[in-house]
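Those protein sequences? They're chains B and F, same order as listed.
The first sequence begins at 3 in our numbering and counts up one residue at a time.
The second sequence begins at 203 in our numbering and counts up one residue at a time.
Note that CB positions come from ideal geometry on N, CA and C, so glycine has one too.
The model shown is predicted, which means the values in this text are computed figures rather than measured ones.
Structure, as structure tokens:
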Amino acid sequence: MAETHEEVVKVWIAPGCIVCDACETDCPDVFEVQEETCIIRPDAHSEDFTKPLTPSIKVAAEGCPVDVIKFETVQVDGPEPWAGQEEEAATTAGAGLTAGPAVTIPQGPPDPKWASLLTAAQISHRGRSDLPAERTATVPVEAVAEALPLNAPPDASAAAMVGSGYVRPGTSVAERIRVQGEGVTRREVSVLGGVSVVVLAAWGALGGVFATCLGALQSFMVPKVTKEPPSIFRAGRVTDYPEVGVYMQYKGSQGVWLARLAEGKLVAISTTCTHLGCIPNWLPGDQKFKCPCHGSGFDAKGMNFEGPAPRPLERHKIYFSGEFVVVDKSKKYRQELGQWSSPESFIEV
Amino acid sequence: MFSNPFLLAAGRDPFVELPQLEGVKQFVNNWSPPEFSLPFIVLLFIVLLLTYKKWTKPVIALTLLVVFVVVYFGAMLVDYNYYEILKKADNVPITIMLLGCGIFLWTAFRQAARNDVRLEAGKPLVDEERDDKVLVWPDLVYTELICLVLASAVLVIWAVVLPAPLESPANPAGPPNPSKAPWYFLGLQEMLVYFDPWMAGVILPVMIITGLIAMPYFDTNPKGNGYYTFRERPFAISVWLFGFLILWVVLIVFGVFLRGPNWNFFGPFAYWDANMQVPLTNVMMSDYFWNPKDLLGFGWSYALPKNPFIREISGIVFTAAWVFILPPLLARTVMRKMCMQLGTFRFYVMAFHLVIMAMLPLKMALRWLLTLKYFIYLPEYNLNL
């Protein structure tokens, strides 16, 4: 008797995989564990690829805890080419031979049981014109799935269905899976490329809008208006204020009265009423500032002596710069805080 | 001898020289400052409340209205200053407001008087006897349509005949003298004459608003609900009308008609003299407290203490007593019954608003009588009252 041995020509995974990594550990060339399932690598759909890997495929099928790894073998003449190379694996594979499933590929006309089942089942054809029009389901799809010989290789089931009119003959399942796998990749790449261009453009546009808004905000922060006049101004010479009295020449432009007081001081009085911020008028006949809004009255020194004003008028910093009198409006001196005695708040004249 | 009012509008010189009226004008001018006129107005207010069953009779009310209109508008013919005030386009709403207040006051008190007479006699109210149900269509809708047309016509004619005054551009260095708020805020501006801006500009307006909001909650009297009456709720109506008519409407009239340059007070027939000299010197309560000898001519005389809180101790104690001791005092004496009716919390909310409101006439009277400026004067802390 001539020596023969088995070689795996086809391997597939029946439903029920628990994604346990065992097969990939045993035979990483054929099996690839993915996130939710385990697949046969596209290369392993060819007979030439699986034949040399027969021992490790058998080990993997043995090691599968849920026994979903199925394979098909042919008898080949001659000794095992891998004998001696992987003795241990061969021994194990030999022990599992009897358990190896042997399914005959249905040839010729379709199995009538299948054909009737599939005719009765409602199958979604998703608008494909080459499939029969809608039909009434008398048997649920699940019944068909149950009736399928799970142990049969995918292309065997497909072959069974070819004659029923639901599956177009042609490409083998293995081929289809391979093409599909590559197609998915290609589609993913192209979709990713298209989507990423659109997304990038959208984010770019949004960024542009934000950048424009920020720019506009910037011009809010730095408004293009005339700045306030500087708070320091030169108020002429002391000789401009020869007599005791209130001088009005800087009231309109600077909001300051220069007042020469009887006690020998020249002071700069703010024109803002301390009640509600109106601008009082100097009444020379009464020798007082009188506010037109609520009738507050201040004497020539700025003391509030009538009406509702709660505080005396404020004074500004005043000093000599050479022979010129300079007023600094950024500094204020309040009588009620005892600041009028500060030497910066007046000039001795 | 009468002048044609239309000649007034045409700018002719229509004024009638009546030398015998000069004495009357002088009298009115002299008595119009609020320190003299306001007590009389309050007196008139009290008389109106007490005699509401008499003056609301149609004959008397109509006579009063005719007299008011004749005097109010007739005076325009005999005095130029008064004519200048009244013809100003800004001041026309005040005339409308005065007539409106009078008419609404009469409407309310007329019906209150009729109801009160019936209640005293044990008869049903006017509304209960009379079936005054009307249909929405056509009665109400027609009325609304007519009102809409009339109001639109009046507004259009008003806008055409009396255009809004266009004044020179705002100049911060030369504000108008006097500077007046919109007419409906002039009561507020008048309050600001007597108080610190924080008090009259912030606290009192907020108290007015919170008082108006709280009023329905502390008024638990179910009477007068849906019908006019005065007898059944004299306190509520009197206090409300005092606050509205005296402390708001009258102050608006003063502010619009009688406050002239430098916010001085001018009589209705007086010339607005920007150079008029009004001697005014205001003193603080602390001055009276530490130094009555100089100010009043009797008592003691101390120098003002350095510490501002000790200096102002009199005003602080007075204010605390006014706000925190007066309400419990009222609750135990004159308002005892009301406190029991309202419950403690409602009563104190009401009493708090009441004493704050009463602070305004109090402060005004003290300003006029004692030239008092502030109860508490702490400019060091921007705290004045």
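Do you know whose CA, among the options, lies nearest residue i's CA?
{"i": "F:W474", "options": "F:V485, F:T483, F:V458, F:D489", "result": "F:V458"}
{"i": "F:N466", "options": "F:F500, F:V395, F:L587", "result": "F:V395"}
{"i": "B:C280", "options": "B:F291, B:A62, B:A204", "result": "B:F291"}
{"i": "F:D318", "options": "F:I518, F:T431, F:P481", "result": "F:T431"}
{"i": "B:K303", "options": "B:C295, B:P310, B:C293, B:E316", "result": "B:E316"}
{"i": "B:P244", "options": "B:P30, B:E350, B:R43, B:F73", "result": "B:E350"}
{"i": "F:A505", "options": "F:L498, F:I518, F:F491, F:E237", "result": "F:F491"}
{"i": "F:N493", "options": "F:R513, F:E392, F:Q543", "result": "F:R513"}
{"i": "B:K319", "options": "B:K333, B:I20, B:Y249", "result": "B:K333"}
{"i": "F:L307", "options": "F:G389, F:A402, F:S440, F:L288", "result": "F:S440"}
{"i": "F:T309", "options": "F:Y429, F:G545, F:F468", "result": "F:Y429"}
{"i": "F:Q479", "options": "B:G340, B:L208, B:D288, B:G196", "result": "B:D288"}
{"i": "F:F420", "options": "F:M552, F:L562, F:A263, F:T573", "result": "F:M552"}
{"i": "F:L585", "options": "F:F247, F:H555, F:T521, F:L246", "result": "F:T521"}
{"i": "F:W339", "options": "F:L347, F:R332, F:P371", "result": "F:L347"}
{"i": "B:E38", "options": "B:D23, B:V269, B:V328, B:P30", "result": "B:D23"}
{"i": "B:M250", "options": "B:A270, B:A264, B:G196, B:P44", "result": "B:A270"}
{"i": "F:L556", "options": "F:Y576, F:P530, F:M542", "result": "F:P530"}
{"i": "B:V82", "options": "B:D45, B:E5, B:I15, B:V11", "result": "Note that residue 82 of chain B is Glu in the sequence shown here, rather than Val. Checked all of B:D45, B:E5, B:I15, B:V11; the closest Cα to B:E82 is B:E5."}
{"i": "F:G469", "options": "F:L406, F:P260, F:L220, F:I287", "result": "F:I287"}
Note the first and the last residue of the continuous beta strand (DSSP E) segment covering residue i.
{"i": "B:W284", "result": "283-285"}
{"i": "F:Q228", "result": "Counting along the chain, F:Q228 falls outside any beta strand (DSSP E), though it belongs to the alpha helix (DSSP H) covering 224-233."}
{"i": "F:G276", "result": "Not the beta strand (DSSP E): F:G276 falls in the alpha helix (DSSP H), residues 260-280."}
{"i": "B:A237", "result": "234-239"}
{"i": "B:Y249", "result": "247-249"}
{"i": "B:G304", "result": "Careful: B:G304 lies outside any beta strand (DSSP E) and carries neither H nor E."}
{"i": "B:Y335", "result": "326-335"}
{"i": "B:V362", "result": "Nothing can be reported for residue 362 of chain B: it is not among the residues displayed for chain B, which extend from 3 to 351."}
{"i": "B:I1", "result": "Because chain B in this structure spans residues 3 to 351, residue 1 of chain B falls outside the shown range and cannot be described."}
{"i": "B:F291", "result": "290-292"}
For a test of your reading of the model: does the CB of residue i fall under 7 Å from any non-hydrogen atom of the ligand ZN? Yes or no.
{"i": "F:L574", "result": "The ligand ZN is not part of the structure shown, which contains no ligands of any sort."}
Rounded C-beta distance between residue i and residue j? I'm assuming under 8 Å.
{"i": "F:F471", "j": "F:N232", "result": "No, F:F471 and F:N232 are not in contact; Cβ-Cβ is about 10 Å, not under 8 Å."}
{"i": "B:E308", "j": "F:N379", "result": "Actually they do not touch by this definition, with Cβ atoms about 16 Å apart."}
{"i": "F:V244", "j": "F:I448", "result": "6 Å"}
{"i": "F:L460", "j": "F:S234", "result": "6 Å"}
{"i": "F:E582", "j": "F:P510", "result": "5 Å"}
{"i": "B:T56", "j": "B:E8", "result": "7 Å"}
{"i": "F:W450", "j": "F:G413", "result": "12 Å between Cβ atoms; not a contact."}
{"i": "B:F348", "j": "B:R236", "result": "Incorrect: roughly 17 Å between the Cβ atoms, too far for contact."}
{"i": "F:M354", "j": "B:C295", "result": "One point to set straight first is that residue 354 of chain F is Ser, not Met, in the sequence displayed. Not really, about 36 Å apart at Cβ, beyond 8 Å."}
{"i": "B:V61", "j": "B:G18", "result": "About 19 Å; that fails the 8 Å criterion."}
{"i": "F:M579", "j": "F:S488", "result": "Before going further, note that residue 579 of chain F is Tyr rather than Met in the sequence given. Confirmed, about 6 Å."}
{"i": "F:L572", "j": "F:R433", "result": "Contact doesn't hold; Cβ gap of about 39 Å is too wide."}
Is the beta carbon of residue i less than 8 Å from the beta carbon of residue j?
{"i": "B:G257", "j": "B:S233", "result": "no"}
{"i": "F:L267", "j": "F:G304", "result": "yes"}
{"i": "B:F300", "j": "B:P310", "result": "no"}
{"i": "F:M587", "j": "F:G517", "result": "The sequence as given places Leu at residue 587 of chain F; Met does not occur at that position. Going by C-beta atoms, F:L587 is nearer than 8 Å to F:G517."}
{"i": "F:N427", "j": "B:G297", "result": "no"}
{"i": "B:T52", "j": "B:V13", "result": "yes"}
{"i": "F:V455", "j": "F:L300", "result": "yes"}
{"i": "B:C293", "j": "B:P286", "result": "no"}
{"i": "B:I20", "j": "B:F33", "result": "no"}
{"i": "F:M540", "j": "F:F549", "result": "yes"}
{"i": "F:P399", "j": "B:L339", "result": "no"}
{"i": "B:A261", "j": "B:V248", "result": "yes"}
{"i": "F:A315", "j": "F:Y254", "result": "yes"}
{"i": "B:W259", "j": "B:K253", "result": "yes"}
{"i": "F:L250", "j": "F:W257", "result": "yes"}
{"i": "F:M561", "j": "F:W524", "result": "yes"}
{"i": "B:S58", "j": "B:D28", "result": "yes"}
In terms of residue numbering, what span does the alpha helix (DSSP H) encompassing residue i cover?
{"i": "B:F348", "result": "Neither: B:F348 is in no alpha helix (DSSP H) and is coded neither H nor E."}
{"i": "F:H555", "result": "546-572"}
{"i": "B:L55", "result": "Taken as a continuous stretch (DSSP letters only), B:L55 belongs to no alpha helix (DSSP H), as it is neither H nor E."}
{"i": "B:W259", "result": "Here B:W259 belongs to no alpha helix (DSSP H); instead the beta strand (DSSP E) covers 258-262."}
{"i": "B:K226", "result": "Premise fails: B:K226 is in no alpha helix (DSSP H) and is neither H nor E."}
{"i": "F:S239", "result": "236-252"}
{"i": "F:R513", "result": "510-513"}
{"i": "F:R534", "result": "528-534"}
{"i": "F:M393", "result": "388-394"}
What runs of the alpha helix (DSSP H), each 4 residues or longer, lie entirely inside the region 300-371 of chain F? Listed in chain order, they are 328-331, 343-363.
Starting from the N-terminal side, write out each stretch of the alpha helix (DSSP H) that is 4 residues or longer and does not extend beyond the region 413-497 of chain F. 436-443, 487-492
What residue ranges within the region 11-80 of chain B form continuous alpha helix (DSSP H) runs of no fewer than 4 residues, ordered along the chain? List check, alpha helix (DSSP H) in window: 24-28, 49-52, 56-65.
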